[in-house]
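**Q** Take this structure, written in structure tokens, and hold onto it; I'll ask about it next.
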Amino acid sequence: MRISTILYCIREALVSILRNGWMTVASISIVAVSLVILGGSVLLVMNTGYLTQRLESKVEISVFLEEELAAADVKEIGEKIKSTAGVAEVKFIPKEKALQEMKKSLGSRAQVLEDLEKNPLPDAYRVKAEDANQVPALAGSFEQLDGVEMVRYGKGVVEKLLSVTQWLRVASWTLMGILGVSALFLISTSIRMSVFARRREISIMKLLGATNWYIRAPFLMEGLIMGLAGALLAVAVVYLGYIALVDKIKVSLPFINLVPGEEVFTVVPGALLGLGILIGIFGSLISIHRFLSDKKA
Amino acid sequence: MRISTILYCIREALVSILRNGWMTVASISIVAVSLVILGGSVLLVMNTGYLTQRLESKVEISVFLEEELAAADVKEIGEKIKSTAGVAEVKFIPKEKALQEMKKSLGSRAQVLEDLEKNPLPDAYRVKAEDANQVPALAGSFEQLDGVEMVRYGKGVVEKLLSVTQWLRVASWTLMGILGVSALFLISTSIRMSVFARRREISIMKLLGATNWYIRAPFLMEGLIMGLAGALLAVAVVYLGYIALVDKIKVSLPFINLVPGEEVFTVVPGALLGLGILIGIFGSLISIHRFLSDKKA
Amino acid sequence: MEYNDSNVKVVQHLIHFYNVTKTYDNGVKALSDITLRIRKGEFVFLVGPSGAGKSTLMKMIYREELPTRGQVMFNGRNVVRLRSREIPLLRRKIGMVFQDFRLLPQKTVAENVSFALEVTGASRKYIRKAVPLVLQRVGMLEKANCYPAQISGGEQQRVGIARAIVNNPVLILADEPTGNLDPDTAKEIMELFNVINRNGTTIIMATHARDIVDDMKRRVVKISGGRIVSDEESGVYSFAN
Amino acid sequence: MEYNDSNVKVVQHLIHFYNVTKTYDNGVKALSDITLRIRKGEFVFLVGPSGAGKSTLMKMIYREELPTRGQVMFNGRNVVRLRSREIPLLRRKIGMVFQDFRLLPQKTVAENVSFALEVTGASRKYIRKAVPLVLQRVGMLEKANCYPAQISGGEQQRVGIARAIVNNPVLILADEPTGNLDPDTAKEIMELFNVINRNGTTIIMATHARDIVDDMKRRVVKISGGRIVSDEESGVYSFAN
Ligand SMILES: Nc1ncnc2c1ncn2[C@@H]1O[C@H](COP(=O)(O)OP(=O)(O)OP(=O)(O)O)[C@@H](O)[C@H]1O
Ligand SMILES: Nc1ncnc2c1ncn2[C@@H]1O[C@H](COP(=O)(O)OP(=O)(O)OP(=O)(O)O)[C@@H](O)[C@H]1O
Ligand SMILES: [Mg+2]
Ligand SMILES: [Mg+2]
Chain A
1350 MRISTILYCI REALVSILRN GWMTVASISI VAVSLVILGG SVLLVMNTGY
1400 LTQRLESKVE ISVFLEEELA AADVKEIGEK IKSTAGVAEV KFIPKEKALQ
1450 EMKKSLGSRA QVLEDLEKNP LPDAYRVKAE DANQVPALAG SFEQLDGVEM
1500 VRYGKGVVEK LLSVTQWLRV ASWTLMGILG VSALFLISTS IRMSVFARRR
1550 EISIMKLLGA TNWYIRAPFL MEGLIMGLAG ALLAVAVVYL GYIALVDKIK
1600 VSLPFINLVP GEEVFTVVPG ALLGLGILIG IFGSLISIHR FLSDKKA
Chain B
1350 MRISTILYCI REALVSILRN GWMTVASISI VAVSLVILGG SVLLVMNTGY
1400 LTQRLESKVE ISVFLEEELA AADVKEIGEK IKSTAGVAEV KFIPKEKALQ
1450 EMKKSLGSRA QVLEDLEKNP LPDAYRVKAE DANQVPALAG SFEQLDGVEM
1500 VRYGKGVVEK LLSVTQWLRV ASWTLMGILG VSALFLISTS IRMSVFARRR
1550 EISIMKLLGA TNWYIRAPFL MEGLIMGLAG ALLAVAVVYL GYIALVDKIK
1600 VSLPFINLVP GEEVFTVVPG ALLGLGILIG IFGSLISIHR FLSDKKA
Chain C
1455 MEYNDSNVKV VQHLIHFYNV TKTYDNGVKA LSDITLRIRK GEFVFLVGPS
1505 GAGKSTLMKM IYREELPTRG QVMFNGRNVV RLRSREIPLL RRKIGMVFQD
1555 FRLLPQKTVA ENVSFALEVT GASRKYIRKA VPLVLQRVGM LEKANCYPAQ
1605 ISGGEQQRVG IARAIVNNPV LILADEPTGN LDPDTAKEIM ELFNVINRNG
1655 TTIIMATHAR DIVDDMKRRV VKISGGRIVS DEESGVYSFA N
Chain D
1455 MEYNDSNVKV VQHLIHFYNV TKTYDNGVKA LSDITLRIRK GEFVFLVGPS
1505 GAGKSTLMKM IYREELPTRG QVMFNGRNVV RLRSREIPLL RRKIGMVFQD
1555 FRLLPQKTVA ENVSFALEVT GASRKYIRKA VPLVLQRVGM LEKANCYPAQ
1605 ISGGEQQRVG IARAIVNNPV LILADEPTGN LDPDTAKEIM ELFNVINRNG
1655 TTIIMATHAR DIVDDMKRRV VKISGGRIVS DEESGVYSFA N
């Protein structure tokens, strides 16, 4: 492509954008709104992931050991647990510490434990899993280990928590899928409409001997510029909106942890801009196609 | 309005819908897609509410009583707790039952408790609050009661749970708000575009002596029909999609409880249809306005 | 409010331009200080070079454009001062043949003509009778169900004429109504206009067709550069300025 | 592939219609078995009643419509068999004046004319020189920066003429190019066409203007009902069928 052709494209596209006035505004806004929706749903997915991961990381397995094990055996069991795939963290809780904790939790009723001749509680390991879903399986495998008396984890709690986080994941991904497809559809439809409004112009250009590419190029450039403009707008809205949300939540709901802004904005703007440009170009390409058909002419 | 005028409107609208071919299809799809998004987000809000309510209803307060209280006193405290505003359910747990539960939870280690001369555990009431947010306040007020030794509730757990459910509520409502506004914007823009594509027609009609209402009426009817068609489509998609989702989740994630289909579909379809029609009518009204202006003519 | 015909009695002229000047938004002065009277029942040719202001003058009458200065009276009413809702009533009294036809592209030939009647609130029954009749008169009955894009330029022009005359207007404004017609068809159309004019309808026709103007021997108003340069009863199309 | 001019040498006729029939989608037979030859450098008037098929015949040459049966040769190439990408090259050799002008509404007068040159890949420098010159020739230089909606019917027609002649086409197809022009302006345009024709450009002009046809004394092809009913060198516009 010669430089003059590229300049022609850019000039024609800019002129057309200016002269088409509110049609341009409408198209850009549709791109922007759609991408804001999409960007918002991406943020939702990211935050849901973040939140559920943090919640799930709290789930622990308690592995109680048999009484009167040799210190070496205790250590060996600890090594075995550590080396099991899916284990994130292991902490040894000697029975003395366990008793102390029990006394604490019983409060003023604790003196009942003073009567005991010997500590009835066992040594234990507290294990964190990498993934909450693995907890039941891990617990099962620890139960098989020699020297392990009993394995416990908050059975009901884990399942409940998993049900919440699962639901969150399913819902947020589904939503993002639907919104993504809708955004693509809305943008390409709006571009089709703006091309449709100019079908007569296109047919006249063809009659004057313009090649399909000559007609298409300014439309492509126009689509690109409008896609870019819409995406920039969307990025700005999503960015400012998210920053504001994070700030607001930090004050009013301090226990909710959102993905920090910097982390979000390493990927999201690039993705939205890329998507806006692609949609602009392909939207124009596809919509102009039918008006360039040579079937009749 | 005379019947002939109404018939004229309907006839013109139908003819125009048929003859405008894909422009009609585009507008209807945009209405449908936007309403599906909106309907989906309403379902999200409903399910989130349902889920969080069910989770929060699990939060309990344990009220431990002082030792050796007279049965009458125990009963009186129970009455007082029951009559406190915000209490949903009260259950008495005598100390024998508490000991049994403790034994159960200690498993094979339980024989340590056999050595005890007397039951060291207190009688207790387990209280469910109407609203999880009230739990800390209720706990505080129970602590003041005569004869109450100690009040406990899963302090960390409640706050964690509340953080999740709060976040869910905020997120789903925010999302619905954004999507609602976007849907309105998208639909009215698409109607404006279709009117814009026919602005020459409108100006010719005006020159032939058609009153503004005469020109407007078929457009309104068209908007109404397209809004209705889009809304019907959206209701069908949302309905079938939701039924399918509920079925699928029942099988694969049985612990997740969704709002049953019948309950959802007492409100949602009506709302979507109404919204579709309103948007169709007002979208047309507003967009046609500028082309009817008498400034010049 | 009904557009009031009773004022007509006190008025001698159907149309009266008082010192009308029209300057378009881009600064082009299309009409300069035009004063012109046309009686009821007259047949007036508007001639003049391309860009003289003929179409603009007509647009003043049916209020497609407003004058920059001056007043335009039609049927005893000041067109410039009409309220928005009175404009449609004004236009229904005037049959217009546009230079660029302005047919509704989404309606068939018959529907285009019907529309001008429907707008006035005519009954379905009347419309069904009147439309084929008027299409017959301009020789377009055969093409009644074609869309504008499916007929030739001259045919479109005749549909425009049929639409203008179908509701028996008080005034016909015809902007080069024979520009796309062959001499034979043009002659038939002029005969049609003659008949309509004899029945009392005032006709103003902008044209470049010398033959027609010279044949008809009617009043000829010549415009050039936005000014009336001659106005003769029973005139001819003159080459000289 | 370049559209190949070297074939021209073996061809006597610029345009050759072999038994061309055109039936539109709605069943209207616009052309019936037309056979017609036009030599390079000829000036041919196409006359005939409204709806005779003049515009349709022209549309066959630049391939706006395809014939239902028969072949159309232009410059030694079969227009019917052209591949998609060859069509623009064909059209750039032909200057067309459309009956309905077909100006690009979003471009100014000057831009409309430039566009026909830009399409052929002309240099910016050449365009800047050529456009004002051709606008001058049709008397539209003053309105160079107006949009089509801002100029009169006759002015639009002249812009259409300027656009058709600006890239020195091999053939000019002019569909009633003087329908909206006053006799003086029409005469100037005809003189312009004469000059262009003398420089070797073939011109085919559909018209209803009897004066012009009779004045010019060129070949006159008369069409009626889709058939050629007469074809005379140095003919006149005759009323008789
Ligand atoms: N909408 C407009 N905006 C600006 N200028 C205009 C507009 N319409 C017409 N003009 C200019 O006003 C002048 C008169 O135009 P008008 O259409 O009245 O001419 P006309 O006599 O009808 O010409 P023709 O015979 O070519 O139709 C011309 O110079 C034209 O360029
Ligand atoms: N796109 C179309 N579809 C169907 N019929 C058409 C179409 N275009 C033209 N016709 C018909 O074909 C016939 C010839 O039309 P054409 O436009 O060639 O006439 P013309 O000689 O140019 O007439 P005019 O002098 O009025 O412009 C007419 O009967 C017309 O109604
Ligand atoms: Mg005019
Ligand atoms: Mg024609």
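Chains as they are written, first to last, in my numbering: chain A, 1350 to 1646; chain B, 1350 to 1646; chain C, 1455 to 1695; chain D, 1455 to 1695.
Ideal Cβ positions, reconstructed from N, Cα and C, are used throughout, including at glycine.
1) Output the distance between the C-alpha atoms of Y1591 of chain A and L1624 of chain A, rounded to the nearest integer angstrom.
2) For Y1691 of chain C, verify whether its CB is less than 7 Å away from any heavy atom of ligand 1.
3) Flag this pair as yes or no: are the beta carbons of M1570 of chain B and V1380 of chain B separated by less than 8 Å?
4) Pick from C:S1504, C:S1606, C:K1561: whose alpha carbon is nearest that of R1368 of chain B?
5) Taking the alpha-carbon of I1564 of chain B as reference, which of B:G1572, B:L1556, B:I1551, B:V1613 has the nearest alpha-carbon?
6) Along the alpha helix (DSSP H) that carries R1493 of chain D, what are the first and last residues, could you check?
7) Taking only three categories from DSSP, how would you classify S1353 of chain A?
8) So does the stretch 1671-1682 of chain D actually touch the stretch 1496-1503 of chain D, counting three or more Cβ pairs closer than 8 Å?
9) Could you tell me which whole alpha helix (DSSP H) segments of length 4 or greater appear in the stretch 1552-1620 of chain C?
10) Helix, strand or coil for V1498 of chain C per DSSP?
11) On the criterion of 16 or more Cβ atoms from any shown chain inside 10 Å, does I1488 of chain D qualify as buried, or is it exposed?
12) Between G1689 of chain C and the rest of its own chain, which residues show a CB-CB distance below 7 Å, the 5 nearest in sequence each way excluded?
13) With a threshold of 7 Å (Cβ to nearest heavy atom), would G1495 of chain C be considered close to ligand 4?
14) Step through the CB atoms of chain D and report whether any lies within less than 8 Å of the CB of S1365 of chain A.
15) Please state the DSSP three-state secondary structure of V1465 of chain D.
16) Between the Cα of R1491 of chain D and the Cα atoms of D:N1473, D:M1644, D:S1504, D:T1477, which residue gives the shortest distance?
17) Can you pull the chain D neighbours of Y1478 of chain C, defined as C-beta to C-beta under 9 Å?
18) For the stretch 1554-1565 of chain A, enumerate the residues whose C-beta is nearer than 9 Å to any C-beta of chain D, in chain order.
19) Determine the DSSP secondary structure at Q1515 of chain A, reduced to helix, strand or coil.
20) Mind checking if R1518 of chain A is an interface residue toward chain B, Cβ cutoff 8 Å exclusive?
21) List, from N- to C-terminal side, the alpha helix (DSSP H) runs of 4 residues or more that fit wholly inside the stretch 1504-1561 of chain C.
22) Pick from D:R1493, D:A1584, D:R1591, D:S1509: whose alpha carbon is nearest that of L1625 of chain D?
23) Based on Cα-Cα distance, which residue from A:I1628, A:S1636, A:I1626, A:L1621 lies nearest to V1295 of chain A?
24) What are the residues that DSSP puts in a beta bridge with T1475 of chain C?
25) Hey, is G1607 of chain C close to ligand 4, as in C-beta under 7 Å from one of its heavy atoms?
26) Is G1558 of chain B buried or exposed, if buried means 16 or more other CB atoms sit within 10 Å of its CB?
27) If the criterion is Cβ atoms closer than 8 Å, does the pair N1599 of chain C and A1564 of chain C meet it?
28) Any chance the stretch 1580-1589 of chain C sits against the stretch 1639-1658 of chain C, with 3 or more Cβ pairs inside 8 Å?
29) Return the chain-ordered list of same chain residues with a C-beta closer than 6 Å to the C-beta of R1501 of chain B, the five sequence neighbours on each side being excluded.
30) List in chain order: all unbroken beta strand (DSSP E) runs of 3+ residues lying wholly within the stretch 1352-1437 of chain A.
31) Per DSSP, what are the beta-bridge partners of E1686 of chain D in this structure?
32) Out of C:G1505, C:R1546, C:G1608, C:K1513, which one is the CA nearest neighbour of S1504 of chain D?
33) Compute the minimum distance between the beta carbon of T1397 of chain B and the heavy atoms of ligand 1, and state whether it is under 7 Å.
34) When you measure from the CB of S1509 of chain D to every non-hydrogen atom of ligand 4, does any distance come out below 7 Å?
35) Which whole-angstrom value describes the C-beta separation of P1471 of chain A and E1428 of chain A, a residue pair presumed to lie in contact below a C-beta threshold of 8 Å?
36) With a threshold of 7 Å, establish whether the CB of D1479 of chain D neighbours any heavy atom of ligand 2.
**A** Let's see:
1) Between the alpha carbons of Y1591 of chain A and L1624 of chain A lies a gap of roughly 20 Å.
2) For Y1691 of chain C, the distance from the CB to the nearest heavy atom of ligand 1 is not below 7 Å.
3) No, the pair does not count as a contact, with Cβ atoms beyond the cut-off.
4) For R1368 of chain B, the closest of C:S1504, C:S1606, C:K1561 by C-alpha to C-alpha distance is C:K1561.
5) Out of B:G1572, B:L1556, B:I1551, B:V1613, the CA that lies nearest to the CA of I1564 of chain B is found in B:I1551.
6) Counting along the chain, R1493 of chain D falls outside any alpha helix (DSSP H), though it belongs to the beta strand (DSSP E) covering 1483-1493.
7) Residue state, collapsed to three classes: helix.
8) Result yes; three or more Cβ-Cβ pairs closer than 8 Å.
9) You should have 1563-1572, 1578-1591, 1607-1619.
10) Secondary structure at V1498 of chain C: strand, using DSSP grouped into helix, strand and coil.
11) For I1488 of chain D, the number of other beta carbons within 10 angstroms of its own is at least 16, and it is reported as buried.
12) Answer for G1689 of chain C: R1673, V1674, listed in chain order.
13) Checking the Cβ of G1495 of chain C against ligand 4 gives no.
14) It does; some Cβ of chain D falls within 8 Å.
15) Low confidence applies here, because V1465 of chain D scores a pLDDT of 46, under 50, leaving its location unreliable; read the following figure in that light. Residue state, collapsed to three classes: coil.
16) When only C-alpha atoms are compared, the closest one is D:N1473.
17) The answer, in chain order, is Q1604.
18) Listed by position along the chain: M1554, K1555, L1556, L1557, G1558, A1559, T1560, N1561, Y1563.
19) Three-state result, Q1515 of chain A: helix.
20) Not a single CB atom of chain B sits nearer than 8 Å to the CB of R1518 of chain A.
21) If we require 4 residues or more, the alpha helix (DSSP H) runs fully inside the stretch 1504-1561 of chain C come out as 1508-1515, 1541-1546.
22) Proximity to L1625 of chain D across D:R1493, D:A1584, D:R1591, D:S1509 peaks at D:R1493, based on C-alpha coordinates.
23) Summary: the structure shown does not reach residue 1295 of chain A, with chain A confined to residues 1350 through 1646, and so no result is reported for it.
24) The secondary-structure analysis by DSSP pairs T1475 of chain C across a beta bridge with C:R1523.
25) G1607 of chain C Cβ: within cutoff of ligand 4.
26) G1558 of chain B is buried by the Cβ-count criterion.
27) It is a contact, given that the beta carbons lie within the stated cut-off.
28) Touching, no, given that fewer than three Cβ pairs across the two stretches are closer than 8 Å.
29) Excluding five sequence positions before and after R1501 of chain B, the CB atoms of its chain that fall closer than 6 Å to its own CB belong to S1411, given in chain order.
30) The DSSP assignment places complete beta strand (DSSP E) segments of no fewer than 3 residues inside the stretch 1352-1437 of chain A at 1409-1414, in order along the chain.
31) Beta bridge pairing from DSSP links E1686 of chain D with D:V1674.
32) A check of alpha carbon separations from S1504 of chain D across C:G1505, C:R1546, C:G1608, C:K1513 identifies C:G1608 as the nearest.
33) The answer is no for T1397 of chain B.
34) Yes, ligand 4 has a heavy atom inside 7 Å of this Cβ.
35) Contact doesn't hold; Cβ gap of about 19 Å is too wide.
36) The closest heavy atom of ligand 2 lies less than 7 Å from the beta carbon of D1479 of chain D.
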